[in-house]
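Asker:
2 protein chains.
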Amino acid sequence: MGKNMLIGQSGGPTAAINASLAGAVREAMGNSAIGEIYGMVYGLEGVMNRQIIDLRAQLTTQEHFRRLIGTPCMALGSCRLKIKDNNREEVFNGIMKILRDLDVGYFFYNGGNDSMDTVNQLSEYLIEHGEDIKCVGIPKTIDNDLMCTDHTPGFGSAARYVSTTMKEIICDAYSYNIPTVVIVEIMGRNAGWLTASSVLARSGPGTAPHLIYLPEAPFDPDDFINKALRHQKSNPNVIVAVSEGIKYADGEYVAAAKPGMVDAFGHQYRDSVGIQLENLVRERMGCKTRRIELSVLQRSASHLSAAIDLREAYNVGSIAVKYALEGKTAVMVAIKRISDSPYLVKYEPVPAKDVANHERTVPAKWITGGGSNVSQQMIDYLTPLVQPDLTGTNHEELPFLILDRTASVL
Amino acid sequence: MGKNMLIGQSGGPTAAINASLAGAVREAMGNSAIGEIYGMVYGLEGVMNRQIIDLRAQLTTQEHFRRLIGTPCMALGSCRLKIKDNNREEVFNGIMKILRDLDVGYFFYNGGNDSMDTVNQLSEYLIEHGEDIKCVGIPKTIDNDLMCTDHTPGFGSAARYVSTTMKEIICDAYSYNIPTVVIVEIMGRNAGWLTASSVLARSGPGTAPHLIYLPEAPFDPDDFINKALRHQKSNPNVIVAVSEGIKYADGEYVAAAKPGMVDAFGHQYRDSVGIQLENLVRERMGCKTRRIELSVLQRSASHLSAAIDLREAYNVGSIAVKYALEGKTAVMVAIKRISDSPYLVKYEPVPAKDVANHERTVPAKWITGGGSNVSQQMIDYLTPLVQPDLTGTNHEELPFLILDRTASVL
Chain A
-18 MGKNMLIGQS
-8 GGPTAAINAS
2 LAGAVREAMG
12 NSAIGEIYGM
22 VYGLEGVMNR
32 QIIDLRAQLT
42 TQEHFRRLIG
52 TPCMALGSCR
62 LKIKDNNREE
72 VFNGIMKILR
82 DLDVGYFFYN
92 GGNDSMDTVN
102 QLSEYLIEHG
112 EDIKCVGIPK
122 TIDNDLMCTD
132 HTPGFGSAAR
142 YVSTTMKEII
152 CDAYSYNIPT
162 VVIVEIMGRN
172 AGWLTASSVL
182 ARSGPGTAPH
192 LIYLPEAPFD
202 PDDFINKALR
212 HQKSNPNVIV
222 AVSEGIKYAD
232 GEYVAAAKPG
242 MVDAFGHQYR
252 DSVGIQLENL
262 VRERMGCKTR
272 RIELSVLQRS
282 ASHLSAAIDL
292 REAYNVGSIA
302 VKYALEGKTA
312 VMVAIKRISD
322 SPYLVKYEPV
332 PAKDVANHER
342 TVPAKWITGG
352 GSNVSQQMID
362 YLTPLVQPDL
372 TGTNHEELPF
382 LILDRTASVL
Chain B
-18 MGKNMLIGQS
-8 GGPTAAINAS
2 LAGAVREAMG
12 NSAIGEIYGM
22 VYGLEGVMNR
32 QIIDLRAQLT
42 TQEHFRRLIG
52 TPCMALGSCR
62 LKIKDNNREE
72 VFNGIMKILR
82 DLDVGYFFYN
92 GGNDSMDTVN
102 QLSEYLIEHG
112 EDIKCVGIPK
122 TIDNDLMCTD
132 HTPGFGSAAR
142 YVSTTMKEII
152 CDAYSYNIPT
162 VVIVEIMGRN
172 AGWLTASSVL
182 ARSGPGTAPH
192 LIYLPEAPFD
202 PDDFINKALR
212 HQKSNPNVIV
222 AVSEGIKYAD
232 GEYVAAAKPG
242 MVDAFGHQYR
252 DSVGIQLENL
262 VRERMGCKTR
272 RIELSVLQRS
282 ASHLSAAIDL
292 REAYNVGSIA
302 VKYALEGKTA
312 VMVAIKRISD
322 SPYLVKYEPV
332 PAKDVANHER
342 TVPAKWITGG
352 GSNVSQQMID
362 YLTPLVQPDL
372 TGTNHEELPF
382 LILDRTASVL
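Top line first, the protein sequences correspond to chains A and B. Per this note's numbering, the first sequence starts with residue -18, numbered consecutively. Per this note's numbering, the second sequence starts with residue -18, numbered consecutively.
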């Protein structure tokens, strides 16, 4: 029997993260070089609290794996532990002791750029202390903001949620002939990939969403109001997709800061950007507004998982185990796109330190319309990622029917 | 060629209302007693503005009907016109003239209790003025609050949305080991049917949603906090489903009133009940809270339509046309349930005046747990209505997999 493995999940939920867990555990089960398969309960925090479960004991049937893949959010539980200079030695020393106690030879951490920082730092720490424990990162984030990878597992499902629900929000607004500005607030503090995916809803009535604002381009309130007024001339319902993290030209967040409230990573809590824009529209346009916050469903709606996303999430989990068994450490499994159509990818190891603590934002040339639209390249990039299945034949692919209401017989 | 028909949609959107339009138009197309098939653009408001479209011209293929059935919200557009004593004569006289101009013999209005009031009053008015125009109401509302019918088309899909997304919200909360109260705000001003449907999410982790509050039972803040604290002892994440219209024992809405703001029906605008409960939890429990407003998606999410709902919505549209051709007027098509399992219904005409301006609320005996839970009868009532298809074999029917996090190996 070989060394044991330990796997954990970290950061914010996605609809696909348990598929990565399933992929890693299945791969490990098929390889005699791996002994016990342990899961961290609540990530590294759980390790420090000695909360470790036996995954061989809990995942015993094909049905368990099928259900795990279809279950959204962290089955093992998550944490948002940030390794800092002042707790690094204590945290890593505690973890190393437990890894020794459990005879762990393979360590897997599934998360975003903070998690890749953990993978990188922990692997260095273990090498410094003479421990031969391979540490491999498995990518995950709905924000799609990891460096060195074409996209991240979890993003495709979240993008499918955003584009599908945006189409329905457009139909809802289109039910009434009342001048309205609908503001749809989408997650993404510094990267606008998920907000950009609202562009795929443009198969609905008109060209809604009419305005799409990403954090990468400065937000100009006057320009926003002028454009909304212009759109309202031809369509009473103006639909706006806006990223929670948009900023003014001076770099200040549009969402009003709440002084003194910060999370574990030092990110500041803020009032919603949607409330700010709603107030702006009310004051400057005087029309009805409706703010819709997609909230946690954009990250947890497994009923709208994209099939390619689940498959890739499974694959990166499985490949992480292969990398570790090949002796790789301090790497993350990255996805490299070979072509859009047919959609083809390959997987490759990249140094975790190149991913750690960086954010991959939307390229400036993919942002058009003076900062209120996205380009055809963005549409081409997004389209394969949100497909419900590989043949694209699901019933909801049928476009909505929009009656011509202007063709009055009277 | 017989008389022409005119059909309109009114009130708030649902995911199933266009299926009723499809059913009515298809039925009419198959019957030579009906000549032209006209659609009101934006309901009665559109009639008064002479916005009438030719549906024979716009719905010409099988594909059009398939797409129409799959399109959420009002394809014809809606209005919230309220017929009052002081505008009744003017509105009905204007409508009667247009009905004469268009040689209409059959008038269909698809909506809630306000729409059934319109059907009833208009049919009386037309009879008084010697017009032989049959007026038939087609039921629709996500609130499920119409009298004389087991349930209303649109409700099943909305209930499926609530129960499906509630399961995912529970998984999302379950990702973290942080004491939190999640408050999910669900539509329903006076009737709690839709909020009650969150009970169907109890196949997820634990027994969440732990507390379910309907407008039919008085809300006691002290009891709420005591129960939330009790649940938090065994589970850090307490999940609460709450109807927007819950009231204190003295009959006051929990949502704070905003004086002077009323809609066209005289309903008062209010601050969100979720904000009130969030503040209550923060003050009394001191823990993290997250408020999730299901917003317009609970009524417009056609991607989660319930198959029985779409079928029944189609049927009530089709049967309304049959009733009119049989000479019935001032009636609504009602659904009568014959059995839960197997699920069987029949359709019957009921007087529109018996439906008009009343609300069917949840029976007191179906509300349990001192006003914070619903009974097994409610579960039995709801279960057939939310099925994704008649065989119940959709992939999402597979229950989520919940790992046992307490079984630590250390």
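Yeah, the Cβ is synthetic: ideal placement off N, Cα and C, and Gly gets one too.
Let's see if you can read the secondary structure: which residues bound the beta strand (DSSP E) around Pro330 of chain A?
Answerer: By one-based count along the first sequence, residue 330 of chain A stands at place 349. Element bounds for Pro330 of chain A: Leu325 to Pro332.
Asker: Among A:Ser215, A:Leu40, A:Gly11 and A:Ala9, which has the Cα closest to the Cα of Tyr155 of chain A?
Answerer: Working through the first sequence from its first residue, we reach residue 155 of chain A at position 174. Here the closest residue by C-alpha is A:Ser215.
Asker: Can you pull the chain B residues whose beta carbon is under 7 Å from the beta carbon of Ser366 of chain A, in chain order?
Answerer: The sequence position of residue 366 of chain A within the first sequence is 385, counting from 1. The sequence shown places Leu at residue 366 of chain A, rather than the Ser named in the question. The premise fails here: Leu366 of chain A is roughly 17 Å from chain B at the closest Cβ pair, so nothing lies under 7 Å.
Asker: So Lys269 of chain A and Ile159 of chain A are supposed to be a Cβ contact under 8 Å. How far apart are they, rounded?
Answerer: Against the first sequence, residue 269 of chain A aligns to sequence position 288. Against the first sequence, residue 159 of chain A aligns to sequence position 178. Ile159 of chain A and Lys269 of chain A do touch by the CB rule: their CB atoms are close to 6 Å apart, below 8 Å.
Asker: Given 7 Å as the limit, tell me if Asn171 of chain B has its C-beta closer than that to any heavy atom belonging to the ligand FAD.
Answerer: Among the ligands in the structure shown, none appear at all, so the ligand FAD cannot be discussed.
Asker: Who are the Cβ neighbours of Leu275 of chain A in its own chain at under 6 Å, not counting the five residues just before and after it?
Answerer: For this step, residue 275 of chain A is matched to residue 294 along the first sequence. Only Ile167 meet the Cβ criterion.
Asker: For my contact list, Leu(-13) of chain B and Phe88 of chain B are in at a C-beta cut-off of 8 Å; report their separation, rounded to the angstrom.
Answerer: On the second sequence, position 6 is the one that residue -13 of chain B refers to. On the second sequence, position 107 is the one that residue 88 of chain B refers to. So it is a contact: roughly 5 Å between Cβ atoms.
Asker: Looking at the unbroken alpha helix (DSSP H) that takes in Lys303 of chain B, where does it start and where does it end?
Answerer: By 1-based counting over the second sequence, the position of residue 303 of chain B is 322. Ala288 to Leu306 is the span of the alpha helix (DSSP H), which, as asked, contains Lys303 of chain B.
Asker: If the cut is a Cβ gap below 7 Å, which residues of chain B does Cys54 of chain A touch?
Answerer: As a working mapping, residue 54 of chain A is identified with position 73 in the first sequence. Near Cys54 of chain A (Cβ distances below 7 Å), the residues of chain B are Cys152, Asp153, Tyr155 and Ser156.
Asker: Less than 8 Å between C-beta atoms, sequence neighbours within five positions excluded: which residues of the same chain meet that for Val326 of chain A?
Answerer: Reading the first sequence from its first residue, position 345 is the one you call residue 326 of chain A. So the list reads Asp131, Glu293, Ile316, Lys317, Arg318 and Ile319, once near-sequence residues are dropped.
Asker: From which residue to which residue does the alpha helix (DSSP H) around Val219 of chain B run?
Answerer: Your numbering for residue 219 of chain B matches position 238 in the second sequence. First-last for Val219 of chain B: Asn218 to Ser224, but that is the beta strand (DSSP E), not the alpha helix (DSSP H).
Asker: Which residues of the segment 37 to 53 of chain A have a Cβ closer than 7 Å to any Cβ of chain B? Give them in chain order.
Answerer: Gln39, His45, Arg47, Arg48, Leu49, Gly51, Thr52 and Pro53
Asker: I believe Val336 of chain A touches Met97 of chain A by the beta-carbon criterion, under 8 Å. Please report the beta-carbon distance rounded to the nearest angstrom.
Answerer: For the purposes of this step, residue 336 of chain A is taken as residue 355 along the first sequence, with counting starting at 1. For the purposes of this step, residue 97 of chain A is taken as residue 116 along the first sequence, with counting starting at 1. Sure, about 4 Å apart at Cβ, within 8 Å.
Asker: Taking DSSP as the reference, what is the three-state secondary structure of Ser215 of chain B?
Answerer: Position 234 of the second sequence, counting from 1, holds the residue named residue 215 of chain B. If DSSP states are grouped into helix, strand and coil, Ser215 of chain B belongs with the helices.
Asker: Measure from the C-beta of Leu278 of chain B to each C-beta in chain A and report whether the shortest distance is under 8 Å.
Answerer: Along the second sequence, read from residue 1 onward, the residue named residue 278 of chain B stands at position 297. True, the Cβ-Cβ gap to chain A drops below 8 Å.
Asker: Let me know the secondary structure DSSP gives Lys208 of chain A once reduced to three states.
Answerer: Start at 1 with the first residue of the first sequence, and residue 208 of chain A comes out as number 227. In the three-state reduction of the DSSP assignment, Lys208 of chain A falls in the helix class, which pools H, G and I.
Asker: Could you tell me which residues DSSP puts in a beta bridge with Cys54 of chain B?
Answerer: Mapped onto the second sequence, residue 54 of chain B falls at position 73. Answer by DSSP bridge pairing: none, since Cys54 of chain B is not bridged.
Asker: If the cut is a Cβ gap below 8 Å, which residues of chain B does Asp385 of chain A touch?
Answerer: By 1-based counting over the first sequence, the position of residue 385 of chain A is 404. Here the neighbours are Ile34 and Gln39.
Asker: Is it right to say Met359 of chain B is buried, meaning 16 or more other beta carbons lie within 10 angstroms of its own, or is it exposed?
Answerer: If you number the second sequence from 1, residue 359 of chain B lands on position 378. Classification for Met359 of chain B: buried.
Asker: Taking Val23 of chain B as the query, report the chain A residues whose CB atoms sit under 7 Å from its CB, ordered along the chain.
Answerer: Taking the first residue of the second sequence as position 1, residue 23 of chain B is located at position 42. Checking the displayed sequence, the identity of residue 23 of chain B turns out to be Tyr instead of Val. What Tyr23 of chain B touches in chain A: Asn158.
Asker: Taking the beta carbon of Pro186 of chain B as the centre, do at least 16 other beta carbons fall within 10 Å, making it buried, or is it exposed?
Answerer: As a working note, residue 186 of chain B is residue 205 in the second sequence. Interpretation of Pro186 of chain B is limited by its pLDDT of 48, a score under 50 that renders its predicted location unreliable; the figure taken from the coordinates is listed afterwards. It is buried - the Cβ of Pro186 of chain B has at least 16 other Cβ atoms within 10 Å.
Asker: Quick check: is the beta carbon of Pro190 of chain B nearer than 8 Å to any beta carbon in chain A?
Answerer: Position 209 of the second sequence, counted from the first residue, corresponds to residue 190 of chain B. Not an interface residue.
Asker: Note down, in chain order, every chain A residue with its Cβ under 8 Å from the Cβ of Gly388 of chain B.
Answerer: On the second sequence, position 407 is the one that residue 388 of chain B refers to. Correcting the residue identity first, residue 388 of chain B is Ala in this sequence and not Gly. Chain A residues near Ala388 of chain B: Ile34, Asp35, Ala38 and Gln39.
Asker: I need the straight-line Cα distance from Ile256 of chain B to Trp174 of chain A, nearest angstrom please.
Answerer: Taking the second sequence and counting its residues from 1, one reaches residue 256 of chain B at position 275. Taking the first sequence and counting its residues from 1, one reaches residue 174 of chain A at position 193. Rounded to whole angstroms, Ile256 of chain B to Trp174 of chain A spans 30 Å at the Cα level.
Asker: Do we get a CB-CB distance below 8 Å when we pair Gly135 of chain B with the residues of chain A?
Answerer: The sequence position of residue 135 of chain B within the second sequence is 154, counting from 1. Taking Cβ atoms only, chain A never reaches closer than 8 Å to Gly135 of chain B, which makes this a no.
Asker: In whole angstroms, what is the alpha-carbon distance linking Met147 of chain B and Ile79 of chain B?
Answerer: Residue 147 of chain B sits at position 166 when you count from the first residue of the second sequence. Residue 79 of chain B sits at position 98 when you count from the first residue of the second sequence. C-alpha separation (whole angstroms): 46 Å.
Asker: Near Ala305 of chain B, what residues of its chain come up, given a Cβ to Cβ distance below 6 Å and the 5 sequence neighbours on each side ignored?
Answerer: Here residue 305 of chain B corresponds to residue number 324 of the second sequence, with the count starting at 1. So the list reads Tyr87, Lys115 and Val117, once near-sequence residues are dropped.
Asker: Taking C-beta pairs closer than 8 Å, name the residues in chain B that Ser59 of chain A reaches, listed in chain order.
Answerer: Indexing the first sequence from 1 puts residue 59 of chain A at position 78. The contact set of Ser59 of chain A on chain B, defined by CB atoms closer than 8 Å, consists of Ser156 and Tyr157 in chain order.
Asker: Taking the alpha carbon of Gly24 of chain A as the reference point, which residue from A:Gln32, A:Thr122 and A:Gly298 has its own alpha carbon closest?
Answerer: Numbered from 1 along the first sequence, position 43 holds the residue referred to as residue 24 of chain A. Of the listed residues, the one whose Cα sits closest to Gly24 of chain A is A:Gln32.
Asker: Please list, in chain order, the chain B residues whose beta carbon lies closer than 9 Å to that of Thr99 of chain A.
Answerer: Translated into the one-based positions of the first sequence, residue 99 of chain A becomes position 118. The premise fails here: Thr99 of chain A is roughly 17 Å from chain B at the closest Cβ pair, so nothing lies under 9 Å.
Asker: Identify every run of the beta strand (DSSP E) within the segment 76 to 157 of chain B, keeping only runs that are complete inside it and at least 3 residues long; order them along the chain.
Answerer: 85 to 92 and 115 to 120
Asker: Are the beta-carbon atoms belonging to Phe136 of chain A and Thr122 of chain A less than 8 Å from one another?
Answerer: Here the question's residue 136 of chain A lines up with position 155 in the first sequence. Here the question's residue 122 of chain A lines up with position 141 in the first sequence. Yes; because the gap between Cβ atoms is below 8 Å, this pair is in contact.
Asker: Please confirm whether Ile167 of chain B has its beta-carbon closer than 8 Å to some beta-carbon of chain A.
Answerer: As a position in the second sequence, residue 167 of chain B is number 186, starting the count at 1. No, Ile167 of chain B does not count as interfacial toward chain A.
Asker: Quick one: grab the DSSP three-state call for Lys317 of chain B.
Answerer: Working through the second sequence from its first residue, we reach residue 317 of chain B at position 336. Of the three classes helix, strand and coil, the one that applies to Lys317 of chain B here is strand, per DSSP.
Asker: Please classify Ala345 of chain A: is it buried, with 16 or more other beta-carbons within 10 angstroms of its beta-carbon, or exposed?
Answerer: As a working mapping, residue 345 of chain A is identified with position 364 in the first sequence. Looking at its Cβ environment, which holds fewer than 16 other Cβ atoms inside 10 Å, Ala345 of chain A is exposed.
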